[in-house]
Amino acid sequence: MREVDLAVVGAGPAGLSAAIEGAKRGLRALVIDRNPKPGGQLIKQIHKFFGSREHRAGTRGVDIAQDLFREARDLGITLMLGWEVYNLQPGRLQVVRSSFGETSDESPEASIAAKKIVLATGAEENAFYFDGWTLPGVMGAGAAQTMTNVWRVLPGSRILMVGSGNVGLIVTYQLLQAGADVVAIVEAAPKIGGFGVHAAKIRRAGVPILTSHTVVRALGESRVKGAVIARVDDAWQPVVGSELTLDVDTICVAIGFRPNTRLASLAGCRLTNSSVLGGWVPIHNGQLETTVPGIYVAGDVSGIEEASTALEEGRLAGIVAASAMGKTSEHDQQQLQAIADRLCSLRGGPFCQPIQDAKSELVELGEEVCPKE
Amino acid sequence: MSKGVAVNGFVSEEELERSPGYPSKERMQQGPVVVIECPQEIPCNPCEEACPHHAITVGEPITNCPRLDETKCVGCGLCIPRCPGLAIFLIDLTHSDKRAAVSIPYEYLPLPHMNQKVTAVNRAGEPVCEAEVIKVADTKPNDRTAVVTVTIPNDYAQEVRGIVRLGGHHG
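Taken in order, these protein sequences are the chains called W and V. Per our numbering, the very first residue in the first sequence carries number 1; after that it's consecutive. Per our numbering, the very first residue in the second sequence carries number 374; after that it's consecutive.
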């Protein structure tokens, strides 16, 4: 059995950052990810990031992934890519080669002993149930983004985007860059969900954003041949007679994410529900430790946010996990304070203040119910 | 009528006039100056660092809207490719008697070439006039955000914020 100090599940911004901070303090760190490439969702983020210098603002996500990977490699962190965790408990994880894993004569199964575990398992896309939603050609916006930017396959040539949050707006832009036409974005709310600057980019590219509109039906027998959209009333119901048929071959759904909490549940971490944070989230204290001692969470699994906050939470988890093993570095206190300050400023403003409030509430609950030393 | 960026997806005149990132009409008449179309409080500040003349301030908290000091802006346009929101443009009303120059961030391939005649669009993506490309900057520091400068008839300078994509099915 392989033995490490810190096992991190998920090689996205939170997971790699946690491993990096742990390794910097002398921990033997291991990162496990079922995907063949490190970087999590960063590898498909071809746009320049928001935030400040500490969050690599102005740098494209895919380049941040490269830098994190290099830093992890240079620190001697072991990356187990193409491996999936199928069971865990404090101190121990069991992994199996994922469908992306390489073919090899070695056993497709392994056990790992780890003194501390960070779960940085990210999020999954929410589905939207409308007539025809199971037809080929209906997909998550994130899936379309993976196809286009990671595997370089354009999912369609005439696309309807459902949802105008930042993901809907950014993926629309990237589909345009890849050469597709996005016929329209429909948004059930009366206002655009994402940043105005993202909306402005695609508006001047000629894409209409229809607020107070939703998709009612996908047309087609064996795959999407069109979409029927309609205006919605104040009760979010389609207005009879307002239907419009759009000539599209693809419908992308970008209506939000939920934390990927399966491993946290499996480990026995207590969850709580927060609509602002995306649904069920593991309860954690200010140190990101869950109700199961020795298991931490960081990034979207602890509440849906941005890559910038995932980087910070990952750093925080790595530092506190190391500290719990007696491995500290001189400036830990200043660094923890700086992270807290940056998280606080990222969670300000009209877009992010609700997240700050929900996170504070979650941590308050965590301080109450998480076991003390 | 104009309802602003949260409903229409592009900024209204009223939002621009209220925005601390927008220069005065007088300043625009004096020569090239940037316009920052970023009226929402979002956590972002690369523009602040991008300006060698310290003409842009975000400060603390990072969700402040960028503030332009129009007396310090020399119209170099270095901030344009650094804005992750592609929300900064350069306007030069003094380009010639009849034509203004507008520089826009552009991330589509193929890039236009010098002297190419293209169709300029407004914030809603509607074609408004013909434009002529006079510069395409795609240097390494731009990091794949090209800055395309076009000339257009003077009257359209406050409207034109893009060009029709050359690679798309519309182009």
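All C-beta atoms, glycine included, are put in the ideal place defined by N, C-alpha and C.
Roughly how many whole angstroms lie between the Cα atoms of G314(W) and V520(V)?
Distance from the CA atom of G314(W) to the CA atom of V520(V), rounded to whole angstroms, is 35 Å.
Three-state secondary structure (DSSP) at R158(W)?
It is a strand residue.
Which two residues bound the contiguous alpha helix (DSSP H) that contains L42(W)?
Annotation for L42(W): no alpha helix (DSSP H) segment contains it, and DSSP assigns it neither H nor E.
Using 8 Å as the limit for Cβ to Cβ distance, is C352(W) near chain V?
yes
Report buried or exposed for E330(W), applying the criterion of at least 16 other Cβ atoms within 10 angstroms of its Cβ.
exposed
Can you name the start and end residues of the beta strand (DSSP E) that A127(W) belongs to?
Careful: A127(W) lies outside any beta strand (DSSP E) and carries neither H nor E.
So that I know if they touch, is there some Cβ in chain W lying closer than 8 Å to that of A497(V)?
yes
Here's a check: name, in chain order, each residue in its chain whose Cβ is nearer than 7 Å to the Cβ of K445(V), leaving out the five neighbours to either side.
H426, H427 and A428
Return the chain-ordered list of same chain residues with a C-beta closer than 8 Å to the C-beta of M374(V), the five sequence neighbours on each side being excluded.
Residue placement at M374(V) cannot be trusted, given a pLDDT of 42 that sits under 50; the coordinates are not used to answer.
Could you check whether the stretch 15-33 of chain W touches the stretch 80-95 of chain W, counting it as contact only if at least three pairs of C-beta atoms, one from each stretch, sit closer than 8 Å?
They touch, by the three-pair rule.
Three-state secondary structure (DSSP) at I255(W)?
Three-state result, I255(W): coil.
Could you pull the start and end residues of the beta strand (DSSP E) that K471(V) belongs to?
Here K471(V) belongs to no beta strand (DSSP E), and DSSP marks it neither H nor E.
Would you call the stretch 304-312 of chain W and the stretch 2-10 of chain W in contact, with 3 or more CB pairs under 8 Å?
no
Does any CB atom of chain W fall closer than 8 Å to the CB of V457(V)?
Note that residue 457(V) corresponds to Pro in the displayed sequence, not to Val. It does; some Cβ of chain W falls within 8 Å.
Based on Cα-Cα distance, which residue from V506(V), E443(V) and R455(V) lies nearest to A473(V)?
Measuring from the Cα of A473(V), the nearest candidate turns out to be V506(V).
Just verifying my parser: in three-state terms, what is the DSSP assignment at L172(W)?
Sequence check: residue 172(W) is Thr here, not Leu. Taken through DSSP and simplified to helix, strand or coil, T172(W) comes out as helix.
Do E106(W) and V96(W) have their C-beta atoms closer together than 8 Å?
Cβ distance not < 8 Å, so E106(W) and V96(W) don't count as in contact.
What residue from A18(W), I251(W), V186(W) and R204(W) has the CA that sits closest to P500(V)'s CA?
R204(W)
Let me know if E480(V) comes out buried or exposed under the rule of 16 or more other beta-carbons within 10 Å of its beta-carbon.
buried
Compare the beta carbon distance of V447(V) and V523(V) with 8 Å and say whether it is the shorter of the two.
No; because the gap between Cβ atoms is not below 8 Å, this pair is not in contact.
Return the CA-CA distance between L135(W) and S164(W), expressed in angstroms with no decimal places.
A straight line joining the alpha-carbon of L135(W) with that of S164(W) spans about 22 Å.
Can you tell me the Cβ-Cβ gap for I304(W) and A123(W), rounded? I've got them flagged as a contact below 8 Å.
6 Å
Ignore the nearest five residues each way along the sequence and tell me which others in K191(W)'s own chain have a CB closer than 8 Å to its CB.
T211
Should Y86(W) be labelled buried (16 or more other beta-carbon atoms within 10 Å of its own) or exposed?
exposed
According to DSSP, simplified to helix, strand and coil, what is E221(W)?
coil
Could you have a look at K398(V) and say whether DSSP puts it in helix, strand or coil?
helix
CB C331(V) to CB C411(V), shorter than 8 Å?
Look at the range of chain V in this structure, 374 to 544, and you will see that residue 331(V) is not part of it.
Which two residues bound the contiguous alpha helix (DSSP H) that contains V96(W)?
That residue, V96(W), is in no alpha helix (DSSP H); its beta strand (DSSP E) goes R92 to R97.
Evaluate M161(W) with the Cβ neighbour count: other Cβ atoms within 10 Å of its Cβ, from every protein chain shown; 16 or more gives buried, anything less gives exposed.
Here M161(W) is buried, its C-beta having at least 16 other C-beta atoms within 10 Å.
Closer than 6 Å by C-beta to G193(W): which residues in its own chain qualify, once you throw out the five before and the five after it? Chain order, please.
S164 and G165
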